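Protein sequences, first through last, are from chains A and B. Heads up, the first sequence stops at 177 in the numbering used here, and the numbers go up one at a time, no gaps. Heads up, the second sequence stops at 1266 in the numbering used here, and the numbers go up one at a time, no gaps. Scroll down for the structure; my scribbles are underneath it.
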Amino acid sequence: MQPGDLIASDLGARAAAPGDLDQAWQVLGRVMDPEVPVVSVVELGIVRALAWDAGHLHVVVTPTYSGCPATEVIEADIRQALEDAGFRAPQLERQLHPAWTTDWITSTGRERLLAYGIAPPLGSANKRSLLGDNGSVNCPQCGSAHTELLSQFGSTACKALYRCCDCREPFDYFKCI
Amino acid sequence: MQASMSCRPKWGICKMNQDLIQYLLRLGDSALIQGQRLCEWCGRAPALEEELALMNVGLDLVGQARNWLEYAAELANDGRDADHLAFRRDERAYRNLLLVEQPNGDFAVTVLKQFFYDAWHLAVLEGLTHSSDSRLQGIAAKAVKEVTYHLRRSSEWVERLGDGTEESHQRMLAAIPQLWRFTVELSDSDAVEQRLHAAGLIGDPQQIAAAWQQQVERTFDSATLPLPAPACHFYLSGRQGLHSEHLGLLLAEMQFLPRAYPDATW
Ligand SMILES: [Zn+2]
Chain A
1 MQPGDLIASD LGARAAAPGD LDQAWQVLGR VMDPEVPVVS VVELGIVRAL AWDAGHLHVV
61 VTPTYSGCPA TEVIEADIRQ ALEDAGFRAP QLERQLHPAW TTDWITSTGR ERLLAYGIAP
121 PLGSANKRSL LGDNGSVNCP QCGSAHTELL SQFGSTACKA LYRCCDCREP FDYFKCI
Chain B
1001 MQASMSCRPK WGICKMNQDL IQYLLRLGDS ALIQGQRLCE WCGRAPALEE ELALMNVGLD
1061 LVGQARNWLE YAAELANDGR DADHLAFRRD ERAYRNLLLV EQPNGDFAVT VLKQFFYDAW
1121 HLAVLEGLTH SSDSRLQGIA AKAVKEVTYH LRRSSEWVER LGDGTEESHQ RMLAAIPQLW
1181 RFTVELSDSD AVEQRLHAAG LIGDPQQIAA AWQQQVERTF DSATLPLPAP ACHFYLSGRQ
1241 GLHSEHLGLL LAEMQFLPRA YPDATW
């Protein structure tokens, strides 16, 4: 912690008002994932809990992957959005347990991924799904089930690279983890 | 049982915490050095898809290393943070497996090294998901999913290259003796690990060794590769900080910037 942080957090403390948490959830619902900018951090299941604690909003976030380089950016975006909405010096807590799973991506989140051209995770996460035993991944462009895996990793750790054998378009699949 | 229960702060850091710090350094250093080696492929991988995969696996491992080293730094509580542990420790203070510091060689050596490491790593993490320490359990439960996927990828590559063309088979045959003697560390343990296991903090070292052996036998069999006799001990030991000559060179590159510009931020 830097000396300036202390001053800022001292200034912002106030008692919780009714509707604070609802408003904060709404604000966070507009903070988009930097790598998939159509899905919010709430829809991705990255924001685990909100509470009012010692005069400040307390936000529990969880990283998607241990080494996700977007973790710091996401936390900075969350902090900025809350500050902009009038929540002074929100306290962020990074929580690893329970481990994030694609099962936490909401149904709206899944629809948005599909509309963006990313095939959403298939079924629920377990050891079999990690070993690639989860049925066929449908092409987000033409809907064909006739697709093939090109690489187990796509542009980011959370995605795998596929190709549609009918329309020939390559696409990302959001891995089930 | 909680690790901290047997501590008597008045007498300094208790024995169990010292063991745990040592073990966290082993986990963190192995993941960090393996991740750093993978990053050496950046811009040089045989295909774009492979480059993305190698970098993503490396990123997972560096992230896991940070989680382990942060915990080690908190327990040691001597003013050093995870970055300090990564960038300011010398070779003799590193506790990584000898396997992961070995040079990448050709793609066959890289794939085989990753496979040997993944098979060990997964067994270790599965044991840690049952740890009596909730922090160990939490970090491991996250990492175990990532490493299941890493092992899936590296074992498929071993099969594809081993049971592939004449050239890929020959390359795999040549890679085995380059790495095999370092696998001795993957199937043994020392007093630190045995004490931690007895306290319920980590998995059973014998089970980890057996799981590693089984995975290697299975994959070598389907890859049509001959399984060598178990590796023998020799004079080096990553657990004790006695490394091969390759680690110093790797650290020189990895640590140059933070050592040359200690106040740099980015
Ligand atoms: Zn298609």
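We put the beta carbon where it would ideally sit given N, CA and C, even for glycine. These numbers were taken from a predicted model, which means no experiment stands behind them.
{"query": "Taking the alpha carbon of ILE1202 (chain B) as the reference point, which residue from B:ARG1259, B:ILE1139, B:TYR1149 and B:ARG1171 has its own alpha carbon closest?", "result": "B:ILE1139"}
{"query": "Would you report the Cα separation of LEU1069 (chain B) and CYS165 (chain A), rounded to the nearest angstrom?", "result": "45 Å"}
{"query": "Once the 5 residues before and after GLU1167 (chain B) are set aside, which same chain residues still bring their CB inside 7 Å of it?", "result": "none"}
{"query": "Would you say GLN23 (chain A) faces chain B, with C-beta separation under 8 Å as the test?", "result": "no"}
{"query": "Which stretch, first to last residue, makes up the alpha helix (DSSP H) that contains TYR1023 (chain B)?", "result": "1015-1039"}
{"query": "Suppose the cutoff is 6 Å on Cβ atoms and the five residues either side in sequence are ignored; what does the same chain contact list for PRO170 (chain A) look like?", "result": "ARG163"}
{"query": "With DSSP as the reference, please indicate the residues paired to HIS56 (chain A) in a beta bridge.", "result": "A:ASP53"}
{"query": "Give the DSSP-derived three-state secondary structure of LEU1225 (chain B) in the structure shown.", "result": "coil"}
{"query": "Looking only at its chain, what residues have a beta carbon closer than 8 Å to the beta carbon of TRP1180 (chain B), apart from the 5 residues adjacent to it on each side?", "result": "PRO1228 and ALA1231"}
{"query": "Looking only at its chain, what residues have a beta carbon closer than 8 Å to the beta carbon of GLU1040 (chain B), apart from the 5 residues adjacent to it on each side?", "result": "ASN1104"}
{"query": "Check this for me: beta carbons of MET1172 (chain B) and LEU1112 (chain B), under 8 Å apart or not?", "result": "yes"}
{"query": "ILE118 (chain A) and LEU44 (chain A): beta carbons closer than 8 Å?", "result": "no"}
{"query": "Starting from the C-beta of VAL192 (chain A), find all residues in its chain whose C-beta is less than 6 Å away, skip the five residues before and the five after it, and write them out in chain order.", "result": "Given a span of 1 to 177 for chain A in the structure shown, any question on residue 192 (chain A) remains unanswerable."}
{"query": "In angstroms with no decimal places, state the Cα-to-Cα distance between GLN80 (chain A) and ALA89 (chain A).", "result": "9 Å"}
{"query": "What residues of chain A sit near GLU1146 (chain B), judged by a beta carbon separation below 7 Å?", "result": "TYR65 and SER66"}
{"query": "Per DSSP, what are the beta-bridge partners of ILE118 (chain A) in this structure?", "result": "A:ASP172"}
{"query": "Under 8 Å between C-beta atoms, does SER151 (chain A) make it to chain B?", "result": "yes"}
{"query": "From the DSSP output, read off the bridge partner residues of SER40 (chain A).", "result": "A:MET32"}
{"query": "Check the Cβ of LEU1061 (chain B) against every Cβ in chain A and list those closer than 9 Å, keeping chain order.", "result": "SER66 and GLY67"}
{"query": "Applying the 10 Å Cβ sphere with the 16-neighbour rule, what's the burial state of CYS179 (chain A)?", "result": "Because chain A is modelled from 1 through 177, residue 179 (chain A) falls outside the range shown and cannot be assessed."}
{"query": "Would you kindly check if the distance between the Cβ of LEU1151 (chain B) and the Cβ of ALA1175 (chain B) is under 8 Å?", "result": "no"}
{"query": "Taking only the alpha-carbon atoms, compute the straight-line gap between GLN23 (chain A) and LEU1085 (chain B) and give it to the nearest angstrom.", "result": "41 Å"}
{"query": "Does any C-beta atom of chain A lie closer than 8 Å to the C-beta of GLY1079 (chain B)?", "result": "no"}
{"query": "Beta carbons nearer than 9 Å to chain A: which residues of the segment 1037-1058 of chain B have them?", "result": "ALA1047, LEU1048, GLU1049, GLU1050, LEU1052, ALA1053, LEU1054, MET1055, ASN1056, VAL1057 and GLY1058"}
{"query": "Grab me the residues of ASP1029 (chain B)'s own chain with a C-beta within less than 7 Å of its C-beta, minus the 5 sequence neighbours each way, in chain order.", "result": "TYR1094, ARG1095 and ASN1096"}
{"query": "Heavy atom of ligand 1 less than 7 Å from the Cβ of SER144 (chain A), yes or no?", "result": "yes"}
{"query": "In the DSSP assignment, the beta strand (DSSP E) including SER151 (chain A) goes from what residue to what residue?", "result": "147-151"}
{"query": "Taking contact to mean at least 3 C-beta pairs separated by less than 8 Å, is the segment 1232-1249 of chain B in contact with the segment 1123-1143 of chain B?", "result": "no"}
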